[in-house]
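In UniProt numbering, the protein residues as written are 1 to 343.
Report on the structure given below.
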Amino acid sequence: MKRHLVFLLTILLYTLSFSQLINLKGIRFNGNPPQMVIDVDGAIKPRFSIDYDEASRLLFIELPGTEAGDNFKSRVLNGNYIEKVSVVKYSNSTGVFAFLNKNVNFKTSYRTDPVRVVMDFSGKVNKKEYTIVIDAGHGGKDPGAVGFNKYHEKDIVFSVANYLRNELLRDFNVIMTRSTDNFVSLAQRPRKGNNSKGDMFISIHANADKSGKGSGFEAFYFSKKSSPYAERVASFENSFGAKYGEDSGDIAQIMGELAYKKNQEESIKLGENLASTYSKKLKMKNRGVHGANFAVLRGFDGPGVLLELGFISNKYDVWKLKQSKYQRLMAKDIADNIRKYFY
Numbered sequence: 001m002k003r004h005l006v007f008l009l010t011i012l013l014y015t016l017s018f019s020q021l022i023n024l025k026g027i028r029f030n031g032n033p034p035q036m037v038i039d040v041d042g043a044i045k046p047r048f049s050i051d052y053d054e055a056s057r058l059l060f061i062e063l064p065g066t067e068a069g070d071n072f073k074s075r076v077l078n079g080n081y082i083e084k085v086s087v088v089k090y091s092n093s094t095g096v097f098a099f100l101n102k103n104v105n106f107k108t109s110y111r112t113d114p115v116r117v118v119m120d121f122s123g124k125v126n127k128k129e130y131t132i133v134i135d136a137g138h139g140g141k142d143p144g145a146v147g148f149n150k151y152h153e154k155d156i157v158f159s160v161a162n163y164l165r166n167e168l169l170r171d172f173n174v175i176m177t178r179s180t181d182n183f184v185s186l187a188q189r190p191r192k193g194n195n196s197k198g199d200m201f202i203s204i205h206a207n208a209d210k211s212g213k214g215s216g217f218e219a220f221y222f223s224k225k226s227s228p229y230a231e232r233v234a235s236f237e238n239s240f241g242a243k244y245g246e247d248s249g250d251i252a253q254i255m256g257e258l259a260y261k262k263n264q265e266e267s268i269k270l271g272e273n274l275a276s277t278y279s280k281k282l283k284m285k286n287r288g289v290h291g292a293n294f295a296v297l298r299g300f301d302g303p304g305v306l307l308e309l310g311f312i313s314n315k316y317d318v319w320k321l322k323q324s325k326y327q328r329l330m331a332k333d334i335a336d337n338i339r340k341y342f343y
């Protein structure tokens with residue numbers, strides 16, 4: 001009986017020690033060569049699995065059988081290789097999500113004394129390796145808003161889009177969703193950007209209202225939730241897809257929740273910078289940055305903004321919108337903010 005009891009206690013102690021969670025002390029970052037280090041408390045090597053989504057450049061490291069300590073926290077880095085690290089603490093497991101910059105390679109290994117998981121990063125990013133997708137709204141049979149003195153939105157935004165293309169070409173690869181006065185569906189526009197592996201989506205529009213009193217610049221980003229005003233603007237822009245024979249409801253939303261939030265944060269940052277500088281340089285009202293469910297934005301696998309350059313229905317705004325001098329200023333300000341975002 002005594003021998004059986006000792007045997008059972010031995011099994012129980014072995015089971016308890018085997019099932020004990022490995023403590024992760026923290027994440028640190030070394031400089032040259034760049035490394036991300038996950039420090040482990042103790043001598044036991046934690047198991048880990050790695051998954052990488054190329055479209056969103058999201059690296060996921062799962063460490064089952066671990067628990068994260070108080071110093072194991074999310075970090076915003078904005079470095080040359082890693083933009084941001086998010087930590088998710090599960091039951092009996094820890095997840096580390098690293099948002100990488102473009103063309104970054106990684107290699108994972110164990111190190112001992114002390115035990116740690118090390119990720120080495122390498123790669124070189126050149127300016128031309130970023131691709132900007134410029135989306136001139138409407139086109140062809142779809143005139144967009146028809147404003148003061150019968151100016152068509154499609155013509156004004158196409159002109160600004162071409163000036164923007166010329167501004168960006170020396171530093172970026174540029175994709176135009178339309179290169180002539182032709183109709184391109186709402187679903188095709190982000191698809192062109194994704195097929196070209198675009199890094200940013202800029203959709204250019206002009207606003208309108210029935211009173212003719214609305215004026216100024218505003219930027220929109222994709223959001224699953226929106227204010228009543230932003231929803232009205234999104235419904236107006238989305239309505240052109242239905243009007244010209246397209247149902248955009250089938251656009252795939254392939255981003256995971258973390259990628260969605262990351263893209264949203266980046267889009268808001270770009271939109272806020274644009275709203276500030278554009279309104280000052282063009283001497284136009286800053287109407288702010290808003291989130292809404294825009295069909296043309298939700299299908300793109302990256303940060304993107306829809307810019308309402310001014311109100312085509314307002315005689316003061318349209319005076320600037322129609323002139324090539326001001327169109328060039330608009331394009332230059334947008335280009336300067338894109339460069340600031342990437343470099």
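Heads up, the beta-carbon is just placed ideally off N, CA and C, and yes, glycines get one too.
- If you run the structure through DSSP and keep just helix, strand and coil, what is residue 119? strand
- Message: Does the contact criterion of 3 or more C-beta pairs under 8 Å hold for the region 68-79 versus the region 140-149?
- Response: no
- Since residue 328 is in the alpha helix (DSSP H), which residue starts that stretch and which ends it? 324-342
- Message: Using 8 Å for Cβ pairs, my map puts residue 132 next to residue 202. What's the rounded Cβ distance?
- Response: 7 Å
- Please check the pair residue 59 and residue 81, which I expect to be a contact at CB under 8 Å, by giving their CB distance rounded to whole angstroms. With 8 Å as the limit, residue 59 and residue 81 do not qualify as a contact, their Cβ atoms being about 11 Å apart.
- Item | Alpha carbon of residue 315 to alpha carbon of residue 182, nearest angstrom | 27 Å
- Under the three-state reduction of DSSP, which class applies to residue 192: helix, strand or coil? helix
- Message: With a threshold of 6 Å on Cβ separation, who are the neighbours of residue 233 within its own chain once the five nearest residues in sequence on each side are excluded?
- Response: Because the pLDDT at residue 233 is just 48, under 50, the model does not fix this residue reliably, and the value given afterwards should be weighed accordingly. Cβ neighbours of residue 233 beyond the five flanking positions: none.
- Message: Tell me which residue opens and which closes the alpha helix (DSSP H) that residue 133 is part of.
- Response: Unbroken run through residue 133 is the beta strand (DSSP E), 131-136; no alpha helix (DSSP H).
- Leaving out the 5 sequence neighbours to the left and right, which residues in its chain are closer than 8 Å to residue 57 when beta-carbon positions are compared? 99, 100, 101, 102, 104
- Message: Runs of 4 residues minimum, wholly inside the region 288-324: which ones carry the alpha helix (DSSP H) assignment?
- Response: 295-298, 315-321
- With DSSP as the reference, label residue 44 as helix, strand or coil. coil
- Going by other Cβ atoms of all chains shown within 10 Å of its Cβ, with 16 needed for buried, is residue 207 buried or exposed? buried
- residue 53 - partner residues in DSSP beta bridges: 58
- Query: If you check the beta carbons only, do residue 72 and residue 24 fall under 9 Å apart?
  - Reply: yes
- Message: Here's the rule I'm using: 16 or more other beta-carbon atoms within 10 Å means buried, otherwise exposed. How should residue 278 be labelled?
- Response: buried
- Message: Using the three-state DSSP reduction, which class does residue 255 fall into: helix, strand or coil?
- Response: For residue 255, the predicted structure reports a pLDDT of 36, less than 50, and the residue's modelled location is therefore unreliable. A value from the coordinates is still provided. Three-state result, residue 255: coil.
- Query: Tell me which same chain residues have a C-beta within less than 6 Å of the C-beta of residue 123, skipping the five on either side of it?
  - Reply: 103, 104, 105
- Cβ-based neighbour list, residue 215, same chain, cut-off 8 Å, excluding 5 preceding and 5 following: 284, 285, 310, 311, 314, 316, 317
- Query: How big is the Cα-Cα spacing for residue 303 and residue 167?
  - Reply: 20 Å
- Item | Euclidean distance between Cα positions of residue 174 and residue 164 | 10 Å
- Message: Within 10 Å of its beta-carbon, does residue 50 have 16 or more other beta-carbons around it, so buried, or fewer, so exposed?
- Response: exposed
- Query: Would you say residue 64 and residue 46 are within 9 Å of each other, going by their C-beta atoms?
  - Reply: yes
- Message: Can you list, in chain order, the residues of its chain with a C-beta nearer than 6 Å to that of residue 26? Leave out the 5 residues immediately preceding and following it.
- Response: 39, 71, 72
- With C-beta atoms as the reference, is residue 194 less than 9 Å away from residue 53? no
- Query: Between the Cα of residue 321 and the Cα atoms of 209, 200, 155, 262, which residue gives the shortest distance?
  - Reply: 155
- Message: Quick check on the DSSP output: the beta strand (DSSP E) that includes residue 25 runs from which residue to which?
- Response: 22-30
- Determine the DSSP secondary structure at residue 161, reduced to helix, strand or coil. helix
- Message: Would residue 205 and residue 138 be called neighbours here (beta carbons separated by less than 9 Å)?
- Response: yes
- Please list, in chain order, all residues of the same chain as residue 268 whose beta carbon is under 7 Å from its beta carbon, the five residues on each side excluded. 221, 289
- Query: What does a CB cutoff of less than 7 Å around residue 338 pick up in its chain, not counting 5 residues either side in sequence?
  - Reply: 132, 168, 200
- Message: Taking the straight line between their C-alpha atoms, what separation do you get for residue 308 and residue 259?
- Response: 25 Å
- Query: Helix, strand or coil: how does DSSP classify residue 155 here?
  - Reply: helix
- Message: Assuming residue 69 is part of the beta strand (DSSP E), what are its boundary residues?
- Response: From DSSP, residue 69 is part of no beta strand (DSSP E); its letter is neither H nor E.
- Residue range of the unbroken beta strand (DSSP E) whose run includes residue 169: It is not in any beta strand (DSSP E) - residue 169 carries neither H nor E in the DSSP assignment.
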